[in-house]
Amino acid sequence: MIDVNIARIEGVIETNILRKVLDFLQNRHPMLRVRIIELADGTYFSSQNIKKIPLETISKTDENQWLEIAEKQLHEKFSDEFAPLCRITLLQSSLAHPISEIIATFHHAITDGLSCMNFIDELLFYYQKIEQGEQTFEQMTPRVSTKNIALPLLPPVEQILDSSFVELNEVKKPETENIKEQKVPILIIENEAPLNQRRTHLLTRIINPEILSKLIEQCKQQKTTVHGALCAAMLLGATKISGCKESINFSCSSNINLRKYSKTEVKKNYIGCFVSSVESIHNLTGNTNFWNLARACKNQVDNSINGKINDLIKEQSLSDITQQTIQNVLERNSTGRIKTINLSNRGKFDLAENYGKLKIKEIYFTVGQHILGPCLWLGALTFHKQLFCSFAHVTPLISSETMNSFADGVVDILEETSLMTRESDRKRDI
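Right, here's the structure in full:
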């Protein structure tokens, strides 16, 4: 899978400075100096003869040009034999289009969400350092205090994790649920298509500070989390576009940060893939209550990771499992859908208000879903008191019209919940 991150930035970005920063970061992070090689006994990372991180600069001609380029990046493999598993595209601003975009594309094998956010933060932090006159690596003060600017290579994730967490993922279900019915989740698929006709597309939405503040407040009162609320909004949004008028079973997957389950500390400034997922199945009807569902989603995630992490990190090779899964999908000529919805929630980031002359205005991210993935995918992150939502879907499996309706529906559900909160506050004040 390919992970694309878009930082929309106010200010002019100088290519020569950006090149210096990329060289610095590649020297700092070992996972930016590897490629994937296939040997007789398996798949490995290799750090021999790695080239510099590619940097492409494009003069911006349209305000929404970044979206087209980001989607294009999702479908371009890392094919150069000695290229790193990272590339950067800079859409340079102009007088007519004052916002520049840095599009950072990674192979998902070397990064997770926290790694990508750290990369963007460090990229702009060290850009500011060079712009202010710190021209050599030795002069630069690290973003996070450390003895050495260059970070060490960490052991594989299966060696880092506490063995008590490396167990089969078993989601606890309430005793009142019909287990037999729950085993058959519905997938929302409008059309099937062979792999070469599938394309991942990105839609974006922003939840403003007022709505987000009310949502957070209500989540606390309702004893759930923003993550639980987002899962509930996605499930209810999926119910609306499904057209089903009776009860329906949907599967909901959440990405999980494995760093806090390690035997030794894996600091947030390390770039690597320390992520897994947990899945639960929910029965929805026309009368499903939003907050009951949000609490159920939170509880299912909590129960799933309470000593039980997804078995993809167990003894078997992740690459073997992936290849087997892909082969099964291709043999069936199926659509590659494995879940109804997936939420990749990076959480809250206290990024700098500005980096010298540069200021982040918006951040979005998505992962290529055209080979394998959920029917409906949401990437969420919070910064500057706003919630940035990236909705991904695969055409022609789901049309852009349907996905727009779904994205609008999710946002409407969250906003309506906030409006209900304000209305209850108004009645209380009266």
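Quick note: the sequence shown uses the working numbering, first residue 1405, plus one each step. Virtual Cβ for every residue (Gly too), placed ideally from N, Cα, C. Keep in mind it's a predicted model, so treat the numbers as computed, not measured.
Residue 1774 and residue 1742 have their C-alpha atoms spaced approximately 12 Å apart. Residue 1496 carries a strand assignment under DSSP once its states are collapsed to helix, strand and coil.
If you ignore the 5 residues before and after residue 1408, its C-beta comes within less than 7 Å of the C-beta of 1474, 1477, 1478, 1507, 1509, 1769, 1770, all in its own chain and listed in chain order.
Non-local C-beta neighbours of residue 1436 in its own chain, meaning closer than 6 Å and more than five positions away in sequence, comprise 1430, 1488, 1490, ordered along the chain.
Residue 1753 is not a Cβ neighbour of residue 1405, given a cutoff of 7 Å. The region 1736-1796 is shown to contain no whole alpha helix (DSSP H) run of 4 or more residues. With three or more CB-CB distances shorter than 8 Å, the region 1672-1679 counts as touching the region 1656-1663. One Cα belongs to residue 1593, the other to residue 1780, and the distance between them is close to 10 Å. Where residue 1611 is concerned, the enclosing beta strand (DSSP E) starts and stops at 1603-1611. Per DSSP, residue 1432 is one residue of the alpha helix (DSSP H) stretching across 1419-1432. Residue environment: residue 1654 is assigned as buried (16 or more neighbouring CB atoms within 10 Å of its CB, all protein chains considered).
The criterion of a C-beta distance shorter than 7 Å is satisfied by residue 1527 and residue 1425. Around the beta carbon of residue 1807, 16 or more other beta carbons sit within 10 angstroms, so the residue counts as buried. Across the structure, residue 1486 and residue 1815 are spaced so that their CA atoms are roughly 43 Å apart.
Assigned with DSSP and collapsed to three states, residue 1674 falls in coil, not helix or strand. Out of 1565, 1700, 1760, the CA that lies nearest to the CA of residue 1634 is found in 1700. For residue 1680, there is no enclosing alpha helix (DSSP H); the residue is found in the beta strand (DSSP E) stretching over 1679-1688.
Separation of the CB atoms of residue 1422 and residue 1462 is rounded to 13 Å, and the pair is thereby denied contact status at 8 Å.
In the assembly as shown, residue 1448 is an exposed residue. Its beta-carbon has fewer than 16 other beta-carbons within 10 Å. Between residue 1792 and residue 1610, the gap from beta carbon to beta carbon is short of 7 Å.
Taken atom to atom, the span from the alpha-carbon of residue 1625 to that of residue 1480 is near 45 Å. Between the alpha carbons of residue 1763 and residue 1434 lies a gap of roughly 28 Å. Taking the Cα positions, residue 1820 is about 31 Å away from residue 1472. In the three-state reduction of the DSSP assignment, residue 1449 falls in the strand class. It is roughly 28 Å from the alpha-carbon of residue 1411 to the alpha-carbon of residue 1656.
Within the same chain, Cβ atoms closer than 7 Å to the Cβ of residue 1755 are found at 1525, 1764, 1787, the five residues on either side in sequence being excluded. For residue 1473, the enclosing alpha helix (DSSP H) stretches over residues 1469-1478. DSSP links residue 1490 through a beta bridge to 1510. The distance from the Cβ of residue 1777 to that of residue 1794 is about 14 Å, inconsistent with a contact at the 8 Å cut-off. Here residue 1443 is exposed, its C-beta having fewer than 16 other C-beta atoms within 10 Å.
The three-state reading of DSSP puts residue 1461 in strand, counting E and B together. DSSP places residue 1694 outside any beta strand (DSSP E); the residue lies instead in the alpha helix (DSSP H), whose first and last residues are 1694-1708. Rounded to whole angstroms, the separation of the alpha carbons of residue 1823 and residue 1698 is 17 Å. Per DSSP, the unbroken beta strand (DSSP E) holding residue 1408 starts and ends at 1406-1414. In the DSSP secondary-structure assignment, residue 1442 is bridged to 1447.
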